[in-house]
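Taking it in order: structure first as structure tokens, then the write-up.
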Amino acid sequence: MMRSFPKMMLVGVAVVISWQILVMLLALPVYILPGPIAVALALWNNLALIADNALVTLIEILAGLVFGVSLGVAVAIIMAWSSSVRALLQPLLIFSQAIPIFALAPILTLWFGYGFGSKIVMTLLIIFFPVASAFFDGLMRTRSDWLELAQIMRAPPFRVMFFLKVPAAMPSLASGLNIAAVYAPIGAVIGEWVGASRGLGYLMLLANGRAKIDLMFAALIVLIVMTMLLRAAVHVISNKVLSRYIQT
Amino acid sequence: MKAPAITLKGSASFGADQVFAPLEFNAPAGGWTCLLGSSGVGKSTLLRLLAGLDAGVIFDGTISCNDGAPLGARAALMLQSDMLLPWLSVLQNVTLGARLRGEKADQVRATQLLNDVGLAGFAQRMPNTLSGGQRQRVALARTLMEDRPVMLLDEPFSALDAKNRAAMQELSARLFNGRTIVLVTHDPYEAARLGTSVVVMTKAGLQVLKPPTTPVIRAYDSPDVIKFATKLLTLLHNESDAA
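First to last, the sequence lines map onto chains A and D. Each residue of the first sequence is one higher than the one before, starting from 30 at the first, in the numbering used here. Each residue of the second sequence is one higher than the one before, starting from 35 at the first, in the numbering used here.
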């Protein structure tokens with residue numbers, strides 16, 4: 030991640046330059062595709078406005094992550110614990126994945142209002158499944174010789190779960206978290222599109238309606254940067270915590 | 035901790051296939067019973083049955099101890115894989131049993147056992163910083179920490195190099211002293227050095243051999259060890275030819 034940073038910067042610069050060239054060559058009007066300079070100006074001129082709305086979106090994303098990950102971890106442990114709960118929940122989980130979460134957004138807004146609630150629930154719903162399924166998978170794959178050792182040592186099931194299966198499944202949880210970090214902003218923004226009075230998604234819709242496409246792009250770029258930073262943070266933290274859980 | 039003698043009587047099958055025909059296996063109290071035989075003859079199955087683990091077979095028979103009490107919770111197990119948990123330190127791995135049972139671990143005893151296996155000063159190290167031989171020593175300390183009168187060993191030394199293997203055999207002979215041990219091994223020399231009773235398992239059943247009567251652990255270069263190992267090797271060689 031850290032070593033690939035210069036490469037990413039280079040790619041970023043190349044994209045910005047081609048973008049500017051494209052806009053100049055095609056002589057695109059600013060209300061269709063503003064150039065990077067126009068977007069940078071819009072970002073600078075609306076810094077306070079964008080920062081205010083970015084903070085709202087960030088809170089929605091982080092709250093959604095905390096609740097979604099907690100719920101995913103809890104459901105995975107319960108499913109790994111009891112085979113009868115597993116038999117009950119597994120089809121339900123698969124069914125839940127067949128529901129297009131996007132289509133639920135208006136209903137969530139109806140139920141949880143225009144504020145933080147509906148966005149957090151939306152984010153939670155989107156990241157719950159990847160976390161639950163990755164962690165559950167890890168919990169069901171504890172090395173059989175470790176489990177047998179625990180059996181010989183007369184370990185009660187509760188302690189086998191929390192002192193053996195859960196730590197052994199940490200790498201699986203990490204891959205679930207890495208996916209969740211990428212999905213979480215999508216949930217928050219969709220929630221804002223359907224109905225909100227604050228947030229980057231709201232700001233994008235507002236700017237679009239007023240033909241302020243440069244502002245819309247500025248908000249979009251802030252959202253992209255936020256997502257990438259979030260992903261990098263989760264990656265670094267999970268690597269640091271997990272280095273000792275990974276079998277060598 | 036009184037070490038019992040163990041007897042397994044019966045047969046094991048897997049579907050329509052017989053894993054082993056009706057047999058009687060005896061492990062005398064306080065001795066090293068070495069179990070040899072070609073791969074797939076059912077040695078590990080027999081050991082897993084003794085350990086009370088799922089052996090993937092249907093066992094028709096009985097496992098009993100000469101003191102009348104069940105073998106159950108009195109056996110500890112050591113395998114070729116050291117089974118160290120990578121997220122726990124060496125000391126935490128040695129005290130894993132207490133941790134998994136929710137008991138308070140005897141740190142003093144664990145540290146003493148680490149000294150005994152030659153790993154003084156390694157308590158806080160993580161498993162991935164150890165060599166294969168050192169890891170297996172940690173596994174030995176963990177097994178001893180459980181302090182069970184019966185030790186079931188399934189090729190615990192076979193992944194080690196010759197020098198480490200000899201060292202581990204000597205260490206185990208000293209530290210397991212007085213316990214009833216069943217050792218599954220492929221190595222005739224190991225059986226010749228450690229065995230107080232040697233059993234060769236074939237498709238035809240069990241054959242009990244008389245190892246040298248000198249006390250264990252025997253020197254690997256003593257004539258009776260070499261002679262007995264050669265005899266075992268010949269027997270195993272002929273057996274695998276016949277199979």
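All C-beta atoms in this analysis are idealised placements derived from N, C-alpha and C, irrespective of residue type, glycine included.
If the five residues before and after residue 166 of chain A are omitted, its C-beta is found closer than 7 Å to the C-beta atoms of 201, all from its own chain and listed in chain order.
When the beta-carbon positions are compared, residue 214 of chain D and residue 38 of chain D come within less than 8 Å of each other. Residue range 222 to 228 is occupied by the alpha helix (DSSP H) that includes residue 222 of chain D, with no beta strand (DSSP E) assigned at that position. Chain order gives no chain D residues near residue 110 of chain A, where near means a beta carbon separation below 9 Å; the closest approach is about 16 Å. Here the C-alpha atom of residue 95 of chain A lies approximately 41 Å from the C-alpha atom of residue 177 of chain D. Under the DSSP assignment, residue 156 of chain A falls outside any beta strand (DSSP E), being part of the alpha helix (DSSP H) whose first and last residues are 145 to 168.
Cβ neighbours of residue 247 of chain A within its own chain (closer than 7 Å, five residues either side excluded): 68, 71, 72, 75 and 79.
Just so you know, the alpha carbons of residue 273 of chain D and residue 67 of chain D end up roughly 20 Å apart. Judged by DSSP secondary structure, residue 66 of chain D falls within the beta strand (DSSP E) whose first and last residues are 66 to 70. Just so you know, the alpha carbons of residue 232 of chain D and residue 58 of chain D end up roughly 14 Å apart. Boundaries of the beta strand (DSSP E) around residue 48 of chain D: 40 to 48. Among the residues of chain D, those whose CB is under 7 Å from the CB of residue 174 of chain A are 113, 115 and 117, following chain order.
Taking the C-beta atoms as reference points, residue 40 of chain D is found no nearer than 8 Å to residue 111 of chain D. Rounded to the nearest whole angstrom, the C-alpha separation of residue 148 of chain D and residue 158 of chain D is 11 Å. With 16 or more other Cβ atoms from the protein chains shown falling within 10 Å of its own Cβ, residue 82 of chain A counts as buried. About 7 Å separates the beta carbons of residue 153 of chain A and residue 100 of chain A, which is inside the 8 Å limit, making them a contact pair.
In chain order, 192 make up the part of chain A whose C-beta sits under 7 Å from the C-beta of residue 133 of chain D. Excluding residues up to 5 positions away in sequence, 65 lie with their Cβ nearer than 6 Å to the Cβ of residue 48 of chain A in the same chain. In this structure, residue 109 of chain D sits away from residue 89 of chain D, with a CB-CB distance that is not shorter than 8 Å. Taken through DSSP and simplified to helix, strand or coil, residue 214 of chain D comes out as strand. The beta-carbon separation of residue 230 of chain D and residue 120 of chain D, rounded to 36 Å, does not stay under the 8 Å limit for a contact. Distance from the CA atom of residue 48 of chain D to the CA atom of residue 92 of chain D, rounded to whole angstroms, is 6 Å.
When the beta-carbon positions are compared, residue 221 of chain A and residue 212 of chain A stay at least 8 Å from each other. When beta bridges are read from the DSSP output, residue 231 of chain D appears opposite D:67. Separation of the CB atoms of residue 206 of chain D and residue 186 of chain D is rounded to 13 Å, and the pair is thereby denied contact status at 8 Å. Beta-bridge partners of residue 92 of chain D (DSSP): D:47. For the 8 Å CB-CB criterion, residue 242 of chain A and residue 60 of chain A form a contact. For the pair of segments examined, the region 154 to 169 of chain D was found to touch the region 122 to 130 of chain D: the number of CB pairs separated by less than 8 Å reaches three. At least one beta carbon of chain D lies nearer than 8 Å to the beta carbon of residue 274 of chain A. Taking a Cβ-Cβ cut-off of 7 Å, the neighbours of residue 136 of chain D in chain A comprise 188, given in sequence order. Take residue 242 of chain D, set aside five residues on each side of it, and the residues of its chain with a beta-carbon closer than 6 Å to its own are 233, in chain order. Across the structure, residue 175 of chain A and residue 158 of chain A are spaced so that their CA atoms are roughly 28 Å apart. Rounded to the nearest angstrom, the Cβ distance from residue 199 of chain A to residue 106 of chain A is 13 Å, too far for a contact under 8 Å.
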